[in-house]
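Numbering that gives the first Met the number 0 puts the first residue of the sequence shown at 0, with every later residue one more than the last.
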Amino acid sequence: MQTLMQALAQSHGIEDTGGPFIIAEMSGNHNQSLDRALAIVDAAAATGAHALKIQTFTAQSMTLDLDKDEFTIRDPKSLWAGRKLYDLYQEAMTPADWHKPIFDRAREKGILAFSTPFSEDAVELLESLDAPAYKIASFEAVDLPLIECVARTGKPMIISTGMASATEIAEAVETARSHGCENLTLLKCTSSYPATPENTNLVTMPVIGQTFGCNVGLSDHTLGTGVSVAAVALGASVIEKHFIIDRSEGGVDSAFSLEPDEFTALVDETLRAAQAMGHVHFGGTQSEQAGRKKRRSLYIGQDMKAGDVLTPDNLRRIRPGLGLAPKHWHALLGRRVGRDVEAGTPMSWDLLDG
0 MQTLMQALAQ SHGIEDTGGP FIIAEMSGNH NQSLDRALAI VDAAAATGAH ALKIQTFTAQ
60 SMTLDLDKDE FTIRDPKSLW AGRKLYDLYQ EAMTPADWHK PIFDRAREKG ILAFSTPFSE
120 DAVELLESLD APAYKIASFE AVDLPLIECV ARTGKPMIIS TGMASATEIA EAVETARSHG
180 CENLTLLKCT SSYPATPENT NLVTMPVIGQ TFGCNVGLSD HTLGTGVSVA AVALGASVIE
240 KHFIIDRSEG GVDSAFSLEP DEFTALVDET LRAAQAMGHV HFGGTQSEQA GRKKRRSLYI
300 GQDMKAGDVL TPDNLRRIRP GLGLAPKHWH ALLGRRVGRD VEAGTPMSWD LLDG
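This is the structure in C-alpha cells:
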C-alpha cells in the first residue's frame, strides 16, 4: 500500500525519508496577519516538516451567526468557553486571498502546502491552487457529500477520525473510495484541545488500518512529542501537529501548538522511531560484529603444566570472547590439558589431553 509520503514523493518530488509524513498545522495561529502566516510557513520549512496545512472556510460556511445555546461554547473547561462559534470561526479563518501567497511561499521554501476544506467552494478554491492533497477534519468525517467532493479530485485524502464510530469510519471510507480516492490515510484523533495521553488510545490506530485497509497516522493534540513518537512505533505514516512560532503571542490554537524547536525535535525523533523499527532479526547486525570480541568466553586463568586438571580457579569465564563459549564450562571442569599453557590463553578443544 503506497503511503502518503510515497505518493507525494512521486507526484511532487519531495524526498521520501522513510519516516512519517510530518504536517505542521497552522490553523488560526496566524492571528489574522498574512505576514505572520508567511513567517509560519518559513519557520515550518526550517524545522524539516514535509507540509504546511491551513484550513479553508468562512464563518458562514461553518455555522450560523446566532447566540443560541448550541451556537455558543458552554463547556467551562473549553479553551473557548463563552465564545460564539461564529465569532471563533471568524477569528480563526484564513482569508481566501491569502491562500495563493501561502502556497507560493511554501513552494519557494521547498515545503508542500495543502488544506482542510469545509465546503465545496473551498475545494474549488484549493483545486485552482493545485493543492497536492486534502484533509477532512474530525468534525466533518460525517459530512459524506464533502468527502465525495474531495474524492472526485483524485488527490490523496486524509480523514481524521476523532469521535467517529466504526460505522461512521466505514461510511467515510466507502464514500471516498467509491468516488475516486485511491490514496487514503485515516488519522487516529482525540477531539479535545489539548488532548491528554490517557485519552489518546493509540492502540486503536493499527486496528483502524487493519479493519479498513488504509494507511494510518495521528492527528496529535497532546502536549510535547512523546505521543507522536509512540504512534510511529505503532505504524503511523502521517503525523499532524499544530505549529506556532511563539505560544506567548496567543492564538486560537496556541495552547496545544509546538514552537519551532519542539517541532524540529518532533521531525527528528519520529524519523528515528521509524528507522528503529527495522525488521525481525536475531544474531547481531553487521555493525555489532566487532562487539563479539567483547563477549564472555573461557580463558586459562593460571599457568598450567601438561596433565594439570581444569578447575574453577584456572578455567575462567571472562571477557574477551575469543575462547570457547561459557556453556562448555561444566563439561571442561575435571579434564586435563595436554600441554603447557600460559595464563591468558583462549580455551580451545585442542588444549585438552587426548
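All C-beta atoms, glycine included, are put in the ideal place defined by N, C-alpha and C. Model, not experiment: these values are computed from the prediction.
DSSP three-state assignment for residue i, whether helix, strand or coil
i	result
residue 122	helix
residue 296	strand
residue 7	helix
residue 159	strand
residue 83	strand
residue 332	coil
residue 24	strand
residue 327	helix
residue 308	strand
residue 152	coil
residue 391	Absent from the model: residue 391. The displayed extent of the chain is 0 to 353, so no value can be given.
residue 144	helix
residue 75	coil
residue 111	strand
residue 351	strand
residue 171	helix
residue 44	helix
residue 229	helix
residue 50	strand
residue 63	coil
Among the options, nearest to residue i - alpha-carbon criterion
i	options	result
residue 38	258, 291, 73	258
residue 164	138, 148, 147, 183	138
residue 333	312, 342, 319	312
residue 272	107, 162, 224	224
residue 116	4, 142, 67	142
residue 243	140, 13, 42, 298	42
residue 338	9, 288, 302, 94	302
residue 55	7, 21, 99, 353	99
residue 255	26, 19, 21	26
residue 241	342, 188, 346	188
residue 265	131, 120, 227	227
residue 182	134, 111, 270	134
residue 235	214, 246, 331, 253	214
residue 21	204, 110, 177	110
residue 112	121, 128, 118	128
residue 15	329, 282, 85, 274	274
residue 9	34, 131, 92	131
residue 68	85, 314, 60	85
CB contact below 8 Å: residue i versus chain B
i	result
residue 246	Absent from the structure is chain B; it holds one protein chain and no more.
Alpha carbon of residue i to alpha carbon of residue j, nearest angstrom
i	j	result
residue 361	residue 81	The requested residue 361 is not part of the displayed model; the chain covers only 0 to 353.
residue 87	residue 48	27 Å
residue 292	residue 323	12 Å
residue 249	residue 53	17 Å
residue 162	residue 239	17 Å
residue 316	residue 306	21 Å
residue 62	residue 278	48 Å
residue 359	residue 169	In the structure displayed, the chain extends from 0 to 353; residue 359 sits before or after that span and is not available.
residue 77	residue 193	9 Å
residue 7	residue 319	50 Å
residue 308	residue 290	31 Å
residue 174	residue 166	12 Å
residue 23	residue 237	11 Å
residue 297	residue 229	42 Å
residue 103	residue 65	36 Å
residue 197	residue 310	57 Å
residue 345	residue 325	12 Å
residue 208	residue 156	15 Å
residue 201	residue 44	28 Å
residue 140	residue 150	13 Å
residue 336	residue 351	4 Å
residue 343	residue 295	13 Å
residue 83	residue 51	28 Å
residue 327	residue 281	22 Å
residue 126	residue 114	11 Å
DSSP bridge partner residues for residue i (one or two, in chain order)
i	result
residue 37	Residue 37 is not bridged to any residue.
residue 55	116
residue 315	298
residue 237	20, 216
residue 257	242
residue 131	DSSP, once it has assigned bridges, lists no residue as partnering residue 131.
residue 303	340
residue 345	298
Cβ-heavy atom distance, residue i to the ligand FAD, below 7 Å
i	result
residue 273	Within the structure as shown, the ligand FAD is missing, as the structure has no ligands at all.
Could you tell me which whole beta strand (DSSP E) segments of length 3 or greater appear in the region 181–224? 183–188, 214–219, all fully within the region 181–224.
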